[in-house]
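**Q** Converting from the sequence shown to my numbering requires adding 23 to each position, the first position being numbered 1.
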Amino acid sequence: MNLLNMFSSLNKTSSKTSKEVADLELGSHSSSNIDHRSSINEKKEQEEHVISSIVDLISPDHPAHPQNWPWWKRWLIMIVYCALQIYVIWTSNAYGSISESVGDHFHVSPQVSTLNLSMNILGSGLGPMFLGPLSDINGRKPVYFFSILLYVIFNISCALPRNIVQMVISHFIIGLAGSTALTNVAGGIPDIFPDDKSGTPMSLFVWACAGGSIGAPMATGVDSNPKFGWRWVYYINIIVGGFFLFVIFLCPETLPIKVISRYEIAKGRTIETLPKVTTKQVFQNIKFISTMGFRMIFTEPIIITMGLYNFYAYGISYFFLAAIWPVFNGTYRMSYMGASCTYLAGLVAYSVLFCYQPIQDWIFRRSKKNNHGVAVPEVRFTSSLFFTLLFPAGMFLFAFTCSPPFHWMVPIVGLAMSSVANSHNWLCILNYLTDCYPIISASSVAAFTLPSFVGAAVFAHISIIMFDRMTTRWAVATMAFISITIPFIIYSFYFFGDKIRARSALTGTKAIKYLPISD
24 MNLLNMFSSL NKTSSKTSKE VADLELGSHS SSNIDHRSSI NEKKEQEEHV ISSIVDLISP
84 DHPAHPQNWP WWKRWLIMIV YCALQIYVIW TSNAYGSISE SVGDHFHVSP QVSTLNLSMN
144 ILGSGLGPMF LGPLSDINGR KPVYFFSILL YVIFNISCAL PRNIVQMVIS HFIIGLAGST
204 ALTNVAGGIP DIFPDDKSGT PMSLFVWACA GGSIGAPMAT GVDSNPKFGW RWVYYINIIV
264 GGFFLFVIFL CPETLPIKVI SRYEIAKGRT IETLPKVTTK QVFQNIKFIS TMGFRMIFTE
324 PIIITMGLYN FYAYGISYFF LAAIWPVFNG TYRMSYMGAS CTYLAGLVAY SVLFCYQPIQ
384 DWIFRRSKKN NHGVAVPEVR FTSSLFFTLL FPAGMFLFAF TCSPPFHWMV PIVGLAMSSV
444 ANSHNWLCIL NYLTDCYPII SASSVAAFTL PSFVGAAVFA HISIIMFDRM TTRWAVATMA
504 FISITIPFII YSFYFFGDKI RARSALTGTK AIKYLPISD
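1) Helix or strand or just coil, what does DSSP make of residue 127?
2) Would you tell me roughly how many angstroms separate the C-alpha atoms of residue 329 and residue 471, rounded to the nearest one?
3) Among the residues of its own chain, which have a CB less than 6 Å from the CB of residue 177, if the five just before and after it don't count?
4) So, using beta-carbon positions, are residue 399 and residue 390 closer together than 8 Å?
5) Hey, quick one: how far does the alpha helix (DSSP H) through residue 223 stretch, first residue to last?
6) Cβ atoms of residue 210 and residue 468: under 8 Å apart, would you say?
7) Can you check whether the CB of residue 377 is closer than 8 Å to the CB of residue 497?
8) So what's residue 430 in DSSP terms, helix, strand or just coil?
9) With a threshold of 8 Å on Cβ separation, who are the neighbours of residue 490 within its own chain once the five nearest residues in sequence on each side are excluded?
10) Does the separation of the CB atoms of residue 341 and residue 444 fall below 8 Å?
11) What residue range does the alpha helix (DSSP H) around residue 161 cover?
12) Can you tell me which of 155, 455, 183, 486 puts its alpha carbon nearest to the alpha carbon of residue 119?
13) Hey, how far is the Cα of residue 171 from the Cα of residue 474?
14) Measure the alpha-carbon distance for residue 300 versus residue 191 and round it to whole angstroms.
15) On a Cα-Cα basis, can you pick out the residue from 466, 494, 364 that is closest to residue 439?
16) Touching or not, the segment 260-280 and the segment 99-110, by the rule of three or more beta carbon pairs under 8 Å?
17) Suppose you measure from the CA of residue 250 to the CA of residue 133; what does that come to, to the nearest Å?
18) What does the alpha-carbon distance come out to for the pair residue 403 and residue 502?
19) DSSP on residue 248, reduced to helix/strand/coil?
20) Can you tell me which of the three DSSP states residue 88 falls into?
21) How many Å lie between residue 157 and residue 456 at the Cα?
22) Taking all protein chains shown into account, do 16 or more other C-beta atoms lie within 10 angstroms of the C-beta of residue 88, making it buried, or fewer, making it exposed?
23) Around the Cβ of residue 189, are there at least 16 other Cβ atoms within 10 angstroms (buried) or fewer (exposed)?
24) Buried or exposed, going by whether 16 or more other CB atoms sit within 10 Å of the CB of residue 396?
25) Would you mind giving the Cβ-Cβ distance between residue 20 and residue 113, rounded to the nearest angstrom? I have them listed as a contact below 8 Å.
26) For residue 167 versus residue 203, is the C-beta spacing smaller than 8 Å?
27) Hey, residue 255 and residue 245 are a contact pair by Cβ (cut 8 Å); roughly how many whole angstroms apart?
28) Let me make sure I understand the geometry here. Which of 164, 241, 225, 216 has the alpha-carbon closest to that of residue 91?
29) For residue 358, report the span of its alpha helix (DSSP H) as first-last.
30) How would you write the range of the alpha helix (DSSP H) that residue 390 sits in, first residue to last?
31) Considering only C-alpha positions, which residue in the set 505, 82, 510 is nearest to residue 282?
32) Taking just the CA atoms, how far does residue 476 sit from residue 337?
33) Quick one: Cα of residue 358 to Cα of residue 279, how far?
34) Residue 474 lies in the alpha helix (DSSP H); which residues open and close that run?
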């Protein structure tokens, strides 16, 4: 009996000891969880503090903010960079006029010769995916300077190619480097202009994109002159590029966080939110630069939809670039120079749009005032509700009037109508993107433009096949029927854009937490 009591006592003691150990382990685990949650909350609070500090730092109310620079200084910068956009975009327009001469020189087919154009366009689409995020964290000016330097170097390679392969590769790098103008100018406008005054500068930028169309008649004139030839198109690029390198060197930085940080440091103040140059920071920068643009393409519904729209719309501009030859040189018997000049109808259309822009700005300012000073990005599409209808209408007009008995001016009117609609939609989209993504504006423009340039590269080759196997009328009409869907995209953003923005993780100031800021 005593032995039984002893075993019972031992069992109770053992059970009590096991329970105490379990309680201790549970208490330790709970304490660990509390410490972990506390650490997460502390890190989250620290992150929110950094984000709040950055928002306060780059506020337009800061005296050093580029938006507070004298108006003449801001507009001078704008004019310089829009001129740069004309310069880099005329290469792709010019090549369409010298493609045949290059093909004859290297004894290659039209499809192979057109690879120079499509690779240039593809490079223009991929470049912003890296140059955009790079300029969002390292500043606009260094990206401008070194990109244009690379642009000039590979124009030398195109002027003196050993074979067609060297020329194709060089054209890809030219497109890659030249794309900095598209990314930085469009993404940099919010740096120096407030949202209610950015419409006119953005319309000037869109006009500059059309201004690149002077490349076609210029190249035709240079190529047809026996004293020059197609190589001089690249020699001219080299000379003009050297001038722009000098001008860019003199221009100031415009990225607000860079400008304001330098101002504060010059005043002897410490900026805790400035990234420290560490190995970790370098890798954070590389990750941001290489992934942000692609992240937006695959996760942002705004970018996805707008990108698909411009895949087609921008591709059509290169489709028309191929259409002018069979229509105006073939059917209407114009000279090469005369046919090239018909593409300038788009430039006239963009000029009309530039004059209209103050009305669109007034509509946006009135909406902002009525909404208690809060901008509504969807108001940017107000005028597009009408203008976007001109896109398919102009294409149908061109398709069914591009041969006698219609006068040659009639299809040009159709071309101008589509150009007005396309340019106005593009302008509204760029303003909309910079309103929606003010922190990563260059990255948003870059993500939007990649599908655009892919579409242009695809259409450059599709146009050759379509005009070879179909009549000009039905080749253009086929594209016109597809373009009927375009107004629906614009209307959907006007009426439902606020709901689409609500699903985004990067609109407004939400993107700050993704910037590579050191702890």
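For each residue, glycine too, the CB sits at the ideal point set by N, CA and C.
**A** Walking through what the data contain:
1) Correct three-state label for residue 127: helix.
2) One Cα belongs to residue 329, the other to residue 471, and the distance between them is close to 7 Å.
3) Taken in chain order, the residues that qualify are 193, 196, 197.
4) Contact: yes.
5) Where residue 223 is concerned, the enclosing alpha helix (DSSP H) stretches over 222-234.
6) Taking 8 Å as the Cβ cut-off, residue 468 and residue 210 qualify as a contacting pair.
7) Using a Cβ distance threshold of 8 Å, residue 497 and residue 377 do not count as a contacting pair.
8) Three-state DSSP puts residue 430 in coil, outside helix and strand.
9) 345, 346, 349, 498, listed in sequence order.
10) Their beta carbons are not under 8 Å apart, which means residue 341 does not touch residue 444 by this criterion.
11) In the DSSP assignment, residue 161 falls within the unbroken alpha helix (DSSP H) covering 133-161.
12) Restricting attention to 155, 455, 183, 486, the CA atom closest to the CA of residue 119 is found in 486.
13) Cα-Cα distance, rounded: 23 Å.
14) With a pLDDT of 45 at residue 300, under the threshold of 50, the modelled position of this residue cannot be trusted; read the value that follows with caution. Their Cα atoms are separated by approximately 38 Å.
15) The shortest CA-to-CA distance from residue 439 to any of 466, 494, 364 is the one to 364.
16) Yes: the two stretches touch, three or more of their Cβ pairs being nearer than 8 Å.
17) One Cα belongs to residue 250, the other to residue 133, and the distance between them is close to 25 Å.
18) Distance between the alpha carbons of residue 403 and residue 502 is about 27 Å.
19) Residue state, collapsed to three classes: coil.
20) DSSP places residue 88 in coil when its eight states are reduced to three.
21) Whole-angstrom Cα-Cα distance: 18 Å.
22) Residue 88 should be labelled buried.
23) So residue 189 ends up on the exposed side.
24) With fewer than 16 Cβ atoms within 10 Å of its Cβ, residue 396 is classed as exposed.
25) As displayed, the chain neither begins before 24 nor continues past 542, which places residue 20 out of reach and without an answer.
26) Yes. Within cutoff.
27) Contact between residue 255 and residue 245 holds: their C-beta atoms lie close to 5 Å from each other, under 8 Å.
28) Cα-wise, what sits closest to residue 91 is 216.
29) Per DSSP, residue 358 is not a residue of any alpha helix (DSSP H), being assigned neither H nor E.
30) Per DSSP, residue 390 is one residue of the alpha helix (DSSP H) stretching across 368-393.
31) Comparing Cα-Cα distances from residue 282 to each of 505, 82, 510, the minimum goes to 82.
32) In a straight line, the C-alpha of residue 337 is about 7 Å away from that of residue 476.
33) Those two C-alpha atoms are separated by around 50 Å.
34) Here the alpha helix (DSSP H) through residue 474 covers 464-492.
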